[in-house]
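Count along the sequence shown from 1, add 76, and you get the number used in our numbering.
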Amino acid sequence: MAANQGQIRVHRPTTKGTLTIMIGCPTPLIPALHSLLRAMGDRLFHMGEEAGKGNSMKAVNQILCGVHVAAAAEALALASKMGIDKAKALEVVSGSAASSWMLRDRGPRMSEEEPKANSMMQILVKDLGIVADVAREVGAATPLTAAAQQMFVAGVGSGLKFKDDSEVIRVYEAMNGDASRNG
């Protein structure tokens, strides 16, 4: 938070859905911000007194988003390579311990020819890059994040920059020798 000549800045990153809001600001400001933030989202989390704590939590969230999408693509590409219908595999894992919100959201689009770009691949490249920077700053190991980011970087490099991030499955399919959807 920065206060200058009576102005207050609050840093407030958000994440998917009905906006989960993670804020970093002095606790006494929370009551004044509550109704404004409630108008933007229904899940409010005060992450700490310092500005930037909301960003820190967003990085934690983005690790799971990126890794879950990459893992779902890898799993469904493997299922396909083994002759299992991707939609059937998705139905099975969506109701099992392997399920996640990202799997249930992105998984169905992984079988579509041209899914609508709800979340562009370049966004996960950027977000996972931010995670890598933050992890370096604090000395944290994030090898799964690095591996997931490289799959999205490969997708961007193969022309999928503005495509839905679920299309990272095309990278796996190409690596598996199934280039039927890879131009």
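Virtual Cβ for every residue (Gly too), placed ideally from N, Cα, C.
Please confirm whether residue i and residue j have their CB atoms less than 9 Å apart.
| i | j | result |
| --- | --- | --- |
| Ala165 | Val247 | no |
| Val244 | Met197 | yes |
| Asp240 | Ala193 | yes |
| Gly142 | Val207 | yes |
| Phe228 | Leu200 | yes |
| Met116 | Leu95 | yes |
Among all the DSSP beta bridges, which residues are the ones paired with residue i?
| i | result |
| --- | --- |
| Phe121 | Met98 |
| Met227 | Answer is none; Met227 lacks a bridge partner. |
| Met196 | Asp240 |
Just mark residue i as buried or exposed, buried being the case when its beta carbon has 16 or more other beta carbons within 10 Å.
| i | result |
| --- | --- |
| Glu213 | exposed |
| Val168 | exposed |
| Gly233 | exposed |
| Arg114 | exposed |
| Gly259 | Note that Gly259 scores 43 on pLDDT, short of 50, meaning its location in the model is unreliable and no value can be drawn from it. |
| Thr103 | exposed |
| Ser172 | exposed |
| Ala153 | buried |
| Ala78 | Because the pLDDT of Ala78 is 46, which lies under 50, any placement of that residue in the model is unreliable, and the number read from its coordinates should be weighed accordingly. Answer is exposed; the Cβ neighbour count stays below 16. |
| Glu249 | buried |
| Met186 | buried |
| Leu260 | A query on residue 260 cannot be resolved here, the shown segment of the chain reaching from 77 to 259 and no further. |
Which whole-angstrom value is the C-beta distance of residue i and residue j, which I expect to be below 8 Å?
| i | j | result |
| --- | --- | --- |
| Gly128 | Met98 | The pair is not a contact, with the Cβ atoms about 11 Å apart (cut-off 8 Å). |
| Ser170 | Arg180 | 5 Å |
Using 8 Å as the Cβ pair cut-off and three pairs as the minimum, do the segment 128-143 and the segment 153-161 touch? Cβ pair count under 8 Å is below three, so no.
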